[in-house]
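What follows is a single structure, written as structure tokens, with notes after it.
In the working numbering, the protein residues as written are 24 to 531.
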């Protein structure tokens, strides 16, 4: 049996696996969102669907299904990190109560987004023990690349073993569960995007004796520019000494020479991440927090950026690679900007801005901190903006600070303010000759500039934090519907292609 949660899938996605049948599937109806489940079972096994549920309202998002195989009920769960603990308890109580009517032996497994490395979260273990269910994964063992433990398994069976195995493609480590070594393995993984042309041999996926997993992409997925709540986990590491977080004590890091600059970037970025994690921790306890650390660290980061040369294709770091031209490629645009491969880990927006400013991704978390600082310093402005976007300031502030949570309109606007530059976000050019936004592959540079001026070059977006920055050279990024990449110019003074659409349209 294989269970996948938070699949982001649509009903039109073809997801067959040879030798397996789909016994439960839930998809997104319109826009791809962080919901969905797929459960596969070997063709020769029989099962009974006991119950299923999906609550996706406001901040609460919980999905589960209970499947009976032989005399065991296997409950697969996805719980958003934003869901309240009371709502989670209500759903857990419901699914376990129903399942116990059919089976004495129960397994509850999934992505609960409750980090068991934080001792205060052990109340969830105690709650599950009230049903006679025991955690069978080793405590304090990381289940994600962020070294959090948010995926695990509970059961009332004595003969089960469970552990994690490494995945080369997923941010989460899949879980395997084994009874007597061979009866069953149950894999739970979180998917950011499923490709329907998955390039792997399905015969390699053996459920009895091999801990292999479906090859997936760790990117997120949603359509067009629709911004949805991805409900990722909070990545908080409380093992560091908070006394070490004083950004004011890091002033020595500003003395950077060329040979040690990247090493210092990494030190500063690590400090930025710890400051943000501490900031999130304080927010989660609904306390006020001193933002002096964030402000001081932002000054250090800005000083670093000012010392960095203007970044082009020719002086970027060697770790940064150009992206091959696989989509509709317009030569006039490609002669000015090159698309850069940005890591797809939920931080791609911030990594792109790091590449644009210093030539590498080594200040990714520092870009987050700059955006958080801009939101704090302009709270009234962002409260109005968030309200207009049907969101809350606190929710957007947390999304900006959290690791691996990608950004949307609010975050790009905050980055434009923080970096004092417009940000232009481009999408693929229209290849349909009958469309008024059609761009020919062979269009001249001047003709392309003219079409941008007329607003007929496509649905590209501009973000202008300060009106006074409107005529500055813009930082350019590329958005393919699921991921942001940096665009680096070939020359120091590149031609500007100014997008027509400003969906924020309320610069400071």
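In this text, a Cβ means the ideal position worked out from N, Cα and C, and glycines have one as well.
For a test of the three-state rule: what should DSSP assign to residue i, helix, strand or coil?
| i | result |
| --- | --- |
| residue 43 | strand |
| residue 220 | Residue confidence for residue 220 is low, a pLDDT of 38 falling below 50, so the modelled location carries little weight; the figure read from the coordinates is stated next. DSSP places residue 220 in coil when its eight states are reduced to three. |
| residue 373 | helix |
| residue 539 | Since the displayed the chain opens at 24 and closes at 531, residue 539 lies outside it and no answer follows. |
| residue 487 | coil |
| residue 202 | strand |
| residue 289 | helix |
| residue 56 | coil |
| residue 514 | coil |
| residue 331 | coil |
| residue 36 | coil |
| residue 316 | helix |
| residue 297 | helix |
| residue 530 | coil |
| residue 82 | coil |
| residue 108 | helix |
| residue 368 | coil |
| residue 496 | coil |
| residue 519 | coil |
| residue 276 | In this predicted model, residue 276 has a pLDDT of only 36, less than 50, meaning its place in the structure is not dependable; the value taken from the coordinates is given anyway. DSSP places residue 276 in helix when its eight states are reduced to three. |
Closest by CA to residue i, which one among the options?
| i | options | result |
| --- | --- | --- |
| residue 359 | 512, 437, 383 and 464 | 512 |
| residue 194 | 490, 428, 457 and 183 | 428 |
| residue 91 | 399, 301, 484 and 72 | 72 |
| residue 376 | 473, 334 and 97 | 334 |
| residue 120 | 96, 68, 135 and 142 | 96 |
| residue 425 | 479, 300 and 41 | 300 |
| residue 293 | 416, 314, 202 and 385 | 385 |
| residue 43 | 65, 144 and 167 | 65 |
| residue 389 | 459, 423, 463 and 462 | 423 |
| residue 432 | 442, 296 and 419 | 419 |
| residue 475 | 304, 453 and 170 | 453 |
| residue 503 | 483, 145 and 515 | 483 |
| residue 494 | 365, 439 and 127 | 439 |
| residue 27 | 41, 101 and 417 | 101 |
Give a yes or no on whether the C-beta atoms belonging to residue i and residue j are separated by under 8 Å.
| i | j | result |
| --- | --- | --- |
| residue 362 | residue 447 | no |
| residue 381 | residue 331 | yes |
| residue 328 | residue 316 | no |
| residue 99 | residue 82 | no |
| residue 393 | residue 497 | no |
| residue 74 | residue 129 | no |
| residue 324 | residue 509 | no |
| residue 114 | residue 76 | yes |
| residue 162 | residue 139 | yes |
| residue 445 | residue 486 | yes |
| residue 137 | residue 173 | yes |
| residue 78 | residue 58 | no |
| residue 85 | residue 110 | yes |
| residue 69 | residue 31 | no |
| residue 112 | residue 87 | no |
Across which residues does DSSP place residue i in a beta bridge pair?
| i | result |
| --- | --- |
| residue 508 | 501 |
| residue 384 | According to DSSP, which records beta bridges pairwise, residue 384 is partnered with nothing at all. |
| residue 62 | 26 and 47 |
| residue 87 | 76 and 100 |
| residue 69 | DSSP, once it has assigned bridges, lists no residue as partnering residue 69. |
| residue 92 | 95 |
| residue 363 | 345 |
Any beta strand (DSSP E) of 3 or more consecutive residues that is wholly inside the stretch 116-200: Fully enclosed beta strand (DSSP E) runs of 3 or longer: 128-134, 174-178 and 183-187.
Segments of 3+ residues assigned as beta strand (DSSP E) that fall wholly inside the stretch 456-482: Restricted to the stretch 456-482, not a single beta strand (DSSP E) segment is unbroken, complete and at least 3 residues in length.
Every unbroken beta strand (DSSP E) inside the stretch 333-361 [3 residues or more]: Secondary structure within the stretch 333-361: not one fully enclosed beta strand (DSSP E) run of 3 or more consecutive residues is present.
Length at least 4, wholly inside the stretch 390-457: the alpha helix (DSSP H) runs in chain order: List check, alpha helix (DSSP H) in window: 402-411, 416-424 and 432-442.
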